[in-house]
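The listed protein sequences correspond, in order, to chains Y and P.
The numbering used here runs 1156 ahead of the 1-based position in the first sequence.
The numbering used here runs 1156 ahead of the 1-based position in the second sequence.
First up is the structure itself, then whatever we jot down about it.
Number of protein chains: 2
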Amino acid sequence: MYGETVARLIDELKALPGIGQRTAERLAFHLVQAPKERALALAQAIHDVKQNARPCRVCFTVSEQDPCALCTDSSRDRSLLCVVERPQDVLSLEKAGGYRGLYHVLLGTVSLLDGVTPKDLTLEALVQRVRKGGVREVILATNPTFDGDATSLYLKQALEPLKVKLTRLARGLPTGSSLEFASRAILTEALEGRHTY
Amino acid sequence: MYGETVARLIDELKALPGIGQRTAERLAFHLVQAPKERALALAQAIHDVKQNARPCRVCFTVSEQDPCALCTDSSRDRSLLCVVERPQDVLSLEKAGGYRGLYHVLLGTVSLLDGVTPKDLTLEALVQRVRKGGVREVILATNPTFDGDATSLYLKQALEPLKVKLTRLARGLPTGSSLEFASRAILTEALEGRHTY
Chain Y
1157 MYGETVARLI DELKALPGIG QRTAERLAFH LVQAPKERAL ALAQAIHDVK
1207 QNARPCRVCF TVSEQDPCAL CTDSSRDRSL LCVVERPQDV LSLEKAGGYR
1257 GLYHVLLGTV SLLDGVTPKD LTLEALVQRV RKGGVREVIL ATNPTFDGDA
1307 TSLYLKQALE PLKVKLTRLA RGLPTGSSLE FASRAILTEA LEGRHTY
Chain P
1157 MYGETVARLI DELKALPGIG QRTAERLAFH LVQAPKERAL ALAQAIHDVK
1207 QNARPCRVCF TVSEQDPCAL CTDSSRDRSL LCVVERPQDV LSLEKAGGYR
1257 GLYHVLLGTV SLLDGVTPKD LTLEALVQRV RKGGVREVIL ATNPTFDGDA
1307 TSLYLKQALE PLKVKLTRLA RGLPTGSSLE FASRAILTEA LEGRHTY
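Spelled out as structure tokens, the structure:
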């Protein structure tokens, strides 16, 4: 009804993660009405990113340098490796500050439902990195979800033979929350992880 | 941290309606990792849309023809004009079927909070359309929200001097719902709108 090019833009937008039919329609119609230079600036930004940015060959985070600025930063502790699911997680941890080691981005999690196997992740590259030596501790920092936990279990099995220290992020009550609204799973983890005060 | 082009893409994505910092980051990182031809297909689709699609000069819906296919369809009832907020609403009503008149898209609502005044909408073009004659009834089909209702009230004031029949969509319980989960506002509208059975 709205023409072939608009239909194709809706299809392309729908291919993005988390964008459904309605959101794609909303964005497409917005772009039709938007000033031409604004819409084309977005198209240009996509072009430029594909030209300049790519996953770092060492840690797979998003970067315009390869290896990335983190991997080549000589002030970081190279004996510490934090394994996360996505480039966004590197951002979050860097914003939080405090961590001075290196990262490894898996680019996903294993997922039975979505048919993602360890082969689809950067697991093999991680094993190679650890095997090369110099890494004292690998922090498994996948999300505290079913898929994240399954992935960590997988990583544990793959890395244990390499005799590297494996740790994972603490679970418990999120600071600033209240017991009243914590789920059963959160409270169970908080109780199991209790320590002397 | 991830470079200038990625930062710019995040900014451009954030300028889209309903896209915040986190979603923009997620989409940008997805585009970095996506196969080059997939990402560039999206950029090309935006280009093509800006080349070919625009708001129809008569009804302001999104179209590749100007005037659009609906406005030039001689089988539609030209005495009936349905005024909606956005191009998506035309889609919804067309998918529902049953309506055989023409449309007028306001391209928004008046909104005190966002500083949108009637001048920012296509209200003047609507008044001109009705003034030209031939329109028997204008259906005010803005959303049943605070801003939608305010906009309809505004349209009523603007169109009343033109002696055209003004109607608005029925309010009440949505078919398939249950009284138990209906809000006070829905039940009040349903009671006020009750009719003999």
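We put the beta carbon where it would ideally sit given N, CA and C, even for glycine.
Identified DSSP bridge partners for SER1219 (chain P): P:ARG1210
is_contact[HIS1203 (chain P), chain Y] using C-beta, thresh 9 Å: yes
Amino acids of chain Y, ordered along the chain, whose beta-carbon sits closer than 9 Å to that of VAL1272 (chain P): Within chain Y, no residue comes near VAL1272 (chain P); the closest Cβ sits about 14 Å away, beyond 9 Å.
Distance CB(ILE1175 (chain Y))-CB(ALA1199 (chain P)) smaller than 9 Å: No, these two residues do not count as a Cβ contact at 9 Å.
Chain-ordered chain Y contacts of PRO1211 (chain P) [CB-CB under 8 Å]: VAL1188 and GLN1189
Under 9 Å between C-beta atoms of ARG1327 (chain P) and ALA1297 (chain P): no
Residue of Y:ARG1178, Y:GLU1280, Y:THR1331 and Y:HIS1186 minimising C-alpha distance to PRO1173 (chain P): Y:HIS1186
Cα-Cα separation, ASN1208 (chain P) to TYR1158 (chain Y): 11 Å
Contacts around VAL1246 (chain P), its chain only, beta-carbon distance under 7 Å, and the 5 residues preceding and following it disregarded: THR1217, VAL1240, TYR1259 and VAL1261
9 Å Cβ cutoff, VAL1214 (chain P) in contact with chain Y: no
Meets three-Cβ-pair contact criterion under 8 Å: the stretch 1272–1285 of chain Y and the stretch 1212–1229 of chain P: no
CA-to-CA distance, ARG1232 (chain P) to TYR1255 (chain P), given in whole angstroms: 9 Å
Beta-ladder partner(s) of LEU1260 (chain P), from DSSP: Residue identity check: residue 1260 (chain P) is His in the sequence provided, not Leu. Paired residue(s): P:VAL1239.
Three-state class that DSSP yields for LYS1192 (chain Y) in the structure shown: helix
LEU1263 (chain P) vs PRO1191 (chain P) beta-carbon contact at 9 Å: No, the Cβ-Cβ distance between LEU1263 (chain P) and PRO1191 (chain P) is not below 9 Å.
Cross-strand partners of ASP1233 (chain Y) (DSSP beta bridge): Y:GLY1257
Residue span of the alpha helix (DSSP H) that contains ARG1285 (chain P), given as start and end: Run containing ARG1285 (chain P): 1279–1287, per the alpha helix (DSSP H) assignment.
Cross-strand partners of ARG1324 (chain Y) (DSSP beta bridge): Y:LEU1296
Pair within 9 Å by beta-carbon distance, LEU1279 (chain Y) and VAL1294 (chain Y): It is not a contact, given that the beta carbons lie outside the stated cut-off.
Contact belief for ASP1303 (chain Y) with SER1267 (chain Y) at Cβ below 8 Å, rounded distance in angstroms: 5 Å
Where TYR1310 (chain P) falls, given that 16 or more other Cβ within 10 Å makes a residue buried: buried
Contact set between GLN1244 (chain Y) and chain P, taken where Cβ atoms lie within less than 8 Å: ARG1178, GLU1181, ARG1182 and PHE1185
Assigned exposure category for THR1323 (chain P) - 16 Cβ within 10 Å defines buried: So THR1323 (chain P) counts as exposed.
Contact set between LYS1192 (chain P) and chain Y, taken where Cβ atoms lie within less than 9 Å: LYS1206
Start-to-end residues for the alpha helix (DSSP H) that takes in ILE1342 (chain Y): In this chain, the alpha helix (DSSP H) harbouring ILE1342 (chain Y) covers 1340–1348.
Assigned secondary structure, VAL1272 (chain Y) (DSSP; H/G/I helix, E/B strand, else coil): strand
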